[in-house]
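The sequence shown begins at 3 in our numbering and counts up one residue at a time. Report on the structure given below.
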Amino acid sequence: MFKKILIANRGEIAMRVIRACRALGVRSVAIHSDVDAQALHVRFADEAVCVGPAEASKSYLNIPAIISAAEITGADAVHPGYGFLSENAKFAELCKKCRLSFIGPTPEAMRTWGDKVSSRAVAHRYGLPLLPGTGVLKNPDDAVEQAKRVGFPVILKASGGGGGRGMRIVREEGEVRRAFETASHEAMTGFKNPDVYLERYVEEPRHIEFQILADQHGQVWTLGERECSLQRRHQKVMEESPSLAMDNDKRNQLGEVIRKAIAETGYTTLGTLEFLMDERGELYFMEMNTRVQVEHPVTEMVTGVDLVENQIRVSVGEKLTLPDTRPWSFRGHAIECRVNAEDPKTFAPWPGRITEYHPPGGGGVRVDSGVYGGWKVPSCYDSLIAKVIAHGNTRHEAIVKMRCALDEFIIGGIRTNIPLHQALLADPEVIEGRMSTKTIERLVARGF
Ligand code: MV4
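Given below as structure tokens:
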């Protein structure tokens with residue numbers, strides 16, 4: 003096992019990794035920026051190193067400072083969390099060169115899956131279902147020809163994009179050229195990679211993702227799916243597992259295709275395969291995330307598998323072991339609400355001092371948080387301050403528990419989106435499990 007892990011992140015995910023370190027008997031090193039000197043993860047880690055000023059590009063993204071911090075403290079591994087450097091293949095490579103284990107897949111795997119055109123090609127090779135689409139578009143003429151072949155509407159996507167950035171919907175032939183030009187330009191300036199491809203566009207899809215965990219001995223676990231359709235502007239708001247849109251046959255069938263693909267490519271550690279579901283219930287592979295995700299706890303709650311602890315174990319080279327004497331199974335239903343420091347109606351960020359803080363509790367309620375009463379939420383980072391996860395035997399039980407938990411959650415001094423969550427948990431679309439990527443938009447338009 004590693005002796006000491008440096009956590010190249012902040013907030014709730016840094017706390018989550020510190021807890022996994024404790025469970026494994028590994029020492030932890032926090033890094034932080036100037037404004038985060040009093041942050042919770044700094045107080046909880048065994049050691050902490052300041053890596054720069056508030057601006058993320060000078061601290062949490064400051065590769066030389068982070069590697070130096072690892073060397074100074076004698077860490078033997080780096081956990082990148084999510085966001086920041088978690089999908090930066092150069093950083094993973096540099097860690098390796100400095101004899102630090104990067105807790106994640108190999109830099110090569112990060113490159114292959116990080117580039118959307120190459121990940122589509124790999125997915126195709128291993129039989130994952132794809133929407134009709136293309137490789138890299140050569141020029142405007144090529145774009146027009148391919149769009150006609152695929153059929154309108156189509157969506158242009160940047161190969162170096164992801165998570166909804168750099169996309170453009172095109173509904174008719176006359177719009178293709180211009181869309182191609184702007185998309186390539188944006189891709190070049192935004193991702194330093196002009197490559198653009200296109201796919202058939204699905205109106206109002208569901209977003210369903212599969213969690214996998216793979217060791218270095220060829221074992222791959224598929225840990226079911228998460229329903230992530232409740233989003234606003236590509237930011238997920240509420241997630242759950244399992245998805246009401248899935249059944250056992252579908253789950254097992256796709257799970258097996260995924261398991262084989264991951265095993266055959268030699269991919270290791272945690273991964274999430276993102277799918278779109280169309281109105282007919284068909285699933286199509288979109289992209290793969292090569293890191294731990296914000297919403298991983300809902301999978302942990304229904305499988306009983308500690309994903310972060312296992313991510314660390316497989317990074318050392320340990321074999322995956324069953325969490326029980328029998329194979330793991332899915333138990334009940336889990337929901338996660340992302341609590342953000344923001345105005346619940348306008349979504350404007352609402353940083354500031356937390357004057358009062360009382361997190362909910364009770365059986366089946368979990369809170370992963372990176373804040374405490376008296377601390378000032380800085381304005382320069384993501385507004386996520388806590389995640390509330392509720393687990394029940396049934397979906398209804400999980401919903402009731404979540405409503406109670408949110409009612410109990412006292413956060414004074416700042417605004418949060420808890421009222422939005424309460425409105426969602428009272429919305430027929432959500433209660434009946436008919437939600438899509440437009441549910442929140444509709445709720446906001448009605449002025450909940
Ligand atoms: C799409 C799509 C419709 N058709 N691709 C957004 C995130 C990125 N991973 C993929 N995204 C989309 N890709 C095709 N061919 C619609 C979206 C999309 C979306 C997907 C999931 C959740 C919310 C979304 C909101 C807008 C667009």
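For glycine and all other residues, C-beta sits at the position ideal for the given N, C-alpha and C.
Which residues mark the beginning and the end of the beta strand (DSSP E) in which residue i is found?
| i | result |
| --- | --- |
| M290 | 285-291 |
| I157 | 156-164 |
| K389 | 386-394 |
| H209 | 208-216 |
| D370 | 367-371 |
| K238 | 237-243 |
| R167 | 167-172 |
| A32 | 29-35 |
| R180 | No beta strand (DSSP E) contains R180, which is instead part of the alpha helix (DSSP H) from 178-193. |
| V294 | Here V294 belongs to no beta strand (DSSP E), and DSSP marks it neither H nor E. |
| A336 | 335-342 |
So does residue i have its beta carbon nearer than 8 angstroms to some heavy atom of the ligand MV4?
| i | result |
| --- | --- |
| G164 | yes |
| I416 | no |
| E276 | yes |
| C230 | yes |
| Q313 | no |
| V204 | yes |
| T136 | no |
| P207 | yes |
| T441 | no |
| M240 | no |
| L445 | no |
| H236 | yes |
| Y84 | no |
| E227 | no |
| Q213 | no |
| Q233 | yes |
| E188 | no |
| Y286 | yes |
| E297 | no |
| L130 | no |
| E289 | yes |
| M169 | yes |
| L133 | yes |
| E201 | yes |
Quick one: give me the first and last residue of the alpha helix (DSSP H) that residue i is part of.
| i | result |
| --- | --- |
| H126 | 118-127 |
| K403 | 397-410 |
| A447 | 441-447 |
| T274 | Segment 271-279 is the beta strand (DSSP E) holding T274; no alpha helix (DSSP H) there. |
| T267 | 250-267 |
| E230 | The question names Glu, but residue 230 in the sequence shown is Cys. Element bounds for C230: not the alpha helix (DSSP H) but the beta strand (DSSP E), 222-234. |
| I15 | 13-26 |
| E358 | E358 -> not in any alpha helix (DSSP H); beta strand (DSSP E) instead, spanning 358-360. |
| E147 | 142-152 |
Hey, is residue i's beta-carbon within less than 9 angstroms of any beta-carbon in chain D?
| i | result |
| --- | --- |
| A343 | No chain D is present in this structure, which holds just one protein chain. |
Hey, residue i and residue j are a contact pair by Cβ (cut 8 angstroms); roughly how many whole angstroms apart?
| i | j | result |
| --- | --- | --- |
| A400 | I337 | 5 angstroms |
| V316 | T270 | 6 angstroms |
| G116 | E89 | 6 angstroms |
| V124 | G137 | Incorrect: roughly 12 angstroms between the Cβ atoms, too far for contact. |
| G369 | P362 | Here residue 369 is Val; the residue named in the question, Gly, does not match the sequence. Going by Cβ atoms, the distance from V369 to P362 rounds to 6 angstroms, so yes, they are a contact pair. |
| E311 | A22 | 5 angstroms |
| H335 | P244 | 7 angstroms |
Taking only runs that begin and end inside the segment 39-97, name each unbroken beta strand (DSSP E) of 3 or more residues, in chain order. Runs of the beta strand (DSSP E) spanning 3 or more residues and lying entirely within the segment 39-97 occur at 49-54, 79-81, in chain order.
If you scan the segment 298-324 from start to end, which runs of the beta strand (DSSP E) of 3 or more residues do you find wholly inside it? Taking only runs of at least 3 residues, no beta strand (DSSP E) segment lies wholly in the segment 298-324.
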